[in-house]
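The sequence shown: position 246 = 321 (my numbering), numbered continuously.
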Amino acid sequence: MKSTTRNTPPPIGRFIDPLTDFGFKRIFGSEPNKDLLIAFLNELFRGRKLIKDLVYNPQENNAPAQHYRKTIFDLTCTGADGETFIIEMQRAEQKFFIDRAIFYTCSKLYEQGQKGNRYWDFELKEVYFIAVMDFNFENTSSEKYLHRVRLAEEETSVTFYNKLGFIFLELLNFNLEEKEIKTGLERWMYVLRNMARMEKIPVILHKKIFQKLFQIAEVANLKKEEYMLYEKALLDKWTEYAVKKTAAEKIKAAENKVRVAEDKARTAESKIRTAENKLRIAEQKAKKAIKEGVEKGAAQKTREMVKRLVSKLELTDTQIADTAGVSVEYVKKIRSSLKKKNNSIRKSK
């Protein structure tokens with residue numbers, strides 16, 4: 076049966092969502108707005124390097140060998156000193172995400188050799204990979220949103236090679252309130268995390284660079300064609316979110332089924348152990364009863380033997396005890412019991 080559900084336009088706020096493909100590239104990926112990207116990168120690299128200018132590069136990157144597939148970057152650009160920046164917005168967790176980031180950066184290093192002259196001495200320009208992530212790494216602190224990764228000597232942590240770097244921004248871990256914002260990077264993180272939900276510009280963002288940002292991010296300023304592209308990008312994002320949510324719910328349901336099955340298995344195992352314990356106890360009781368029965372029967376036979384021997388007056392207690400394998404006291408007790416019984420019989424007559 077076919078679904079009758081129709082796609083409805085996603086909710087659209089005052090400002091575009093920077094975590095859509097359209098929004099991210101409108102803000103950071105066009106020549107007229109490259110001052111926004113420069114400002115963002117300078118906050119990321121504050122105290123480490125100063126980026127004065129950028130040139131946008133083609134998004135398609137040819138890998139080192141023909142059998143490698145072409146890789147697509149969200150944004151790649153070159154700084155005034157020849158360094159390469161790969162800026163990527165990643166909405167969903169991806170298998171081998173770190174491997175892909177390293178592959179991208181290494182392909183950019185490889186390209187420098189291809190473009191060198193015949194006597195290239197292997198000197199390389201810097202390459203940086205910056206990922207804006209709308210998901211979390213596994214096994215990392217929920218309070219850490221900024222990860223700077225470099226090649227370093229393992230024991231001392233001293234930088235081994237300073238021309239290759241990775242910056243990962245976990246947006247979901249950035250939870251500062253407006254009143255807590257202090258640094259320029261925190262302002263950018265706050266914008267990326269919250270702009271799609273804003274109805275007015277926060278006081279902390281009343282700066283020239285952010286005034287331009289909000290002006291180009293105003294949905295009302297989009298042309299008709301741009302609006303349609305943005306609406307589609309937003310719908311794609313929410314569809315992706317719905318797919319992820321559905322998959323997560325299915326995984327959770329499957330985990331619950333496994334948990335229930337495991338509980339039932341544990342209950343069954345417990346019942347089996349209880350039954351085995353009961354059987355073991357029953358076997359022990361049976362063995363005890365058999366042993367007691369055997370012992371009781373043997374005792375009865377011994378008693379009857381002693382009684383018969385006592386009846387023979389010519390045998391002493393010691394002789395009877397030796398013959399029956401009992402103590403002299405036991406023989407005396409039987410003899411006394413028989414004597415009382417015989418006296419009782421005589422009196423009754």
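Glycine included, each C-beta is placed from N, C-alpha and C at the ideal position.
(request) Note down, in chain order, each residue of its chain lying with its Cβ closer than 6 Å to the Cβ of Y143, except the 5 sequence neighbours on either side. (result) Note that Y143 has pLDDT 36, beneath the 50 cutoff, so the model's placement of it is unreliable and the number below is only indicative. Excluding positions up to five away in sequence, the list is empty.
(message) Relative to the C-alpha of V385, which candidate in K408, A364 and L226 has its C-alpha closest?
(response) The shortest C-alpha to C-alpha distance from V385 to any of K408, A364 and L226 is the one to K408.
(message) Could you compute how far the alpha carbon of A373 sits from the alpha carbon of K366?
(response) 10 Å
(request) Measure from the alpha carbon of L184 to the alpha carbon of each residue in R175, K332 and F197, then state which is nearest. (result) F197
(request) Pull up the DSSP beta-bridge partners for T151, would you. (result) I161
(message) Using a Cβ-Cβ cutoff of less than 8 Å, which residues in the same chain neighbour E30 once the five nearest sequence positions on both sides are dropped?
(response) Absent from the structure is residue 30, since the part of the chain shown begins at 76 and ends at 424.
(message) Which same chain residues end up closer than 7 Å to E228 when comparing Cβ atoms and leaving out the 5 residues on each side of it in sequence?
(response) Shown here for E228: same chain residues with a beta carbon closer than 7 Å to its own, the five before and five after excluded, namely F235 in chain order.
(request) Mark K356 as exposed unless 16 or more other C-beta atoms lie within 10 angstroms of its C-beta, in which case mark it buried. (result) It is Ile, not Lys, that sits at residue 356 in the sequence shown. So I356 counts as exposed.
(request) Could you check how far apart the C-beta atoms of A308 and D96 are, in whole angstroms? I think they sit under 8 Å. (result) 5 Å
(message) Quick check on the burial criterion: 16 or more other C-beta atoms within 10 angstroms. Buried or exposed for F171?
(response) With fewer than 16 other beta carbons inside 10 angstroms of its own, F171 counts as exposed.
(message) As a quick exercise: from S105, G104 and I205, pick the residue whose alpha carbon is nearest that of L119.
(response) I205
(request) Determine the closest residue to V130 out of N117, L150 and F115, with distance taken between C-alpha atoms. (result) L150
(message) Check this for me: beta carbons of K257 and E201, under 8 Å apart or not?
(response) No. Outside cutoff.
(request) Measure the alpha-carbon distance for I113 versus A292 and round it to whole angstroms. (result) 17 Å
(message) I'd like the list of long-range same chain contacts for T180, defined as Cβ closer than 7 Å, with 5 residues on each side in sequence excluded.
(response) I161, V202, F204 and L239
(message) Among F289, A399, R175 and R166, whose alpha-carbon lies nearest the alpha-carbon of M208?
(response) M208 has its Cα closest to that of R166, out of F289, A399, R175 and R166.
(request) Give every residue of the same chain whose Cβ lies closer than 6 Å to the Cβ of E404, excluding the five residues on either side of it in the sequence, and list them in chain order. (result) none
(request) Report back the beta-carbon spacing between F289 and F90 to the nearest angstrom; my notes put them in contact at under 8 Å. (result) 6 Å
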